[in-house]
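Worksheet for the structure shown next.
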Amino acid sequence: ALIGRGDISMKEAEDALRDYQGQLERVFNEVRELEKHGVQPSESVESDQMIPAGLATAVDKSLLARIGDAFLALPNGFTAHPRVQPVLEKRR
7 ALIGRGDISM
17 KEAEDALRDY
27 QGQLERVFNE
37 VRELEKHGVQ
47 PSESVESDQM
57 IPAGLATAVD
67 KSLLARIGDA
77 FLALPNGFTA
87 HPRVQPVLEK
97 RR
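Residues 7 to 98 in my numbering are what the sequence shown spells out, letter by letter.
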């Protein structure tokens with residue numbers, strides 16, 4: 007379309023294609039090289055924080071259930087779109 011309209015020449019299109027293919031090949035080779043080396047786990051963010059041992063961070067299960075129910079509750083008289091309804095059902 008760009009060539010047909012005269013926006014770019016055939017040579018410019020070929021150069022752009024060659025550049026794009028070169029970039030794809032370069033990234034492919036980089037990924038392949040990275041895959042040769044095992045994944046190194048990063049340091050935990052938590053290990054850098056000074057969190058006191060034994061600090062209670064748990065949330066009561068009933069509170070989590072209440073929050074989840076609130077997200078799924080539809081207002082009275084409201085009907086979910088047929089495509090959304092299966093998503094809501096899966097989340098229950």
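For every residue, glycine included, the Cβ atom is placed at its ideal position computed from N, Cα and C.
Backbone CA spacing between residue i and residue j [nearest angstrom]
i	j	result
I9	E49	51 angstroms
A22	R32	15 angstroms
I57	A64	14 angstroms
D66	R97	19 angstroms
R24	K17	10 angstroms
G83	S68	27 angstroms
D54	H43	26 angstroms
8 angstroms CB neighbourhood of residue i in its chain, flanking five on each side removed
i	result
A86	L80, L94
Candidates the options, of which the one nearest residue i by Cα
i	options	result
P92	L78, L69, L70	L78
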